[in-house]
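Read through the structure below, which is laid out as structure tokens, and then see the notes.
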Amino acid sequence: NNIAQWCDAIFARVYDHREILKLAQYNKIPIINALCDQHHPMQALADFLTIQESYGRQKCKITFVGDANNVAFSLLEMGLKLGYAMAFTGPGCYFWNDTQLHYFSDLVQKHGGSFGADTNTALIVPGSDFIYADAFVSMGEEDDYDSKLSEFDGYQVNSELMNLAGSSAKFLHCLPAHRGEEVTNEVIDAAYSLVYQQANNRRVSAKGVFSYLLDNSKATTTSPGL
């Protein structure tokens with residue numbers, strides 16, 4: 005409440021999603037989730053702006069390769085709510101739990117998209133219009149770096165994987181990237197890589213969110229996910 009008297013909105017990056025919920029509970033101004041351990045909706049907004057700039061508004065196939073983390077969750081959630089064909093592949097020890105998988109399936113039923121998930125990249129990647137990667141070791145997991153990294157053998161986005169997706173597939177990454185780990189130099193530096201367009205669109209989409217919330221007199225707060 006104290007901070008809310010000095011500003012018109014709060015853009016918060018936190019470790020624990022419960023901190024976002026508390027901010028939303030005790031403040032009447034817009035609370036925007038800029039990142040937490042469960043969600044990264046602002047990144048997903050920039051991602052879909054980039055996708056639509058590149059592909060138009062056709063419902064293409066988007067595949068996330070790697071860890072079932074906050075970036076992957078918000079990407080899948082937003083894509084399914086928009087009716088896209090969303091897919092995920094990653095190791096079983098860093099896969100979605102049953103509750104999350106049921107949630108994604110429910111979104112398909114409600115919004116008409118599709119969802120596929122498997123530990124086998126060869127079953128998921130073919131036919132993808134976009135391949136998305138993120139760091140295998142996320143913020144706050146540095147102490148588990150060696151043990152976690154070993155679990156992602158076979159999930160690096162390299163030329164072989166991009167060829168499996170198809171000749172017209174584009175590459176996405178939320179940055180910063182760990183070159184040589186989740187993605188190779190030849191992929192992230194390729195003409196089909198849109199990572200710097202995504203980076204610029206984070207600024208564009210954030211400005212759009214603030215503009216909408218502050219101009220809309222009916223919007224006093226965002227949902228906990230946003």
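Read left to right, the sequence shown gives residues 5 to 230 (my numbering). Here a beta-carbon is modelled for each residue, glycine too, at the ideal position from N, C-alpha and C. None of the values given here were measured: they were computed from a predicted structure.
In terms of Cα proximity to Glu-145, the closest of Arg-22, Glu-81 and Asn-73 is Asn-73.
Looking from the CA of Thr-123, the closest CA among Phe-68, Glu-185 and Gln-56 belongs to Phe-68. For Lys-26, the enclosing alpha helix (DSSP H) begins and ends at 21–30.
Apart from the 5 residues on each side of it in sequence, Thr-54 sits with its Cβ closer than 6 Å to the Cβ of Leu-198, Gln-201, Gln-202 and Asn-205 in its chain, given in chain order. One thing to note: Val-191 has its Cβ within 8 Å of the Cβ of Met-166.
Exposed is the label assigned to Pro-180, since fewer than 16 other Cβ atoms lie within 10 Å of its Cβ.
Nearest to Asn-31 by C-alpha distance, out of Cys-40, Tyr-216 and Ala-8, is Ala-8. For Leu-217, the uninterrupted alpha helix (DSSP H) run begins and ends at 199–219, by DSSP. Excluding residues up to 5 positions away in sequence, Lys-174 and Leu-198 lie with their Cβ nearer than 7 Å to the Cβ of Ser-58 in the same chain. Contact between the stretch 120–138 and the stretch 151–169 is present: three or more C-beta pairs spanning the two stretches fall below 8 Å. Between Ala-16 and Ile-35, the beta carbon gap of about 7 Å places them in contact (Cβ cut-off 8 Å). DSSP places Leu-86 in the coil class of the three-state scheme, outside both helix and strand. Gln-42 places its beta carbon 8 Å or farther from that of Phe-92. At a Cβ-Cβ threshold of 8 Å, Ala-13 and Leu-153 do not count as neighbours.
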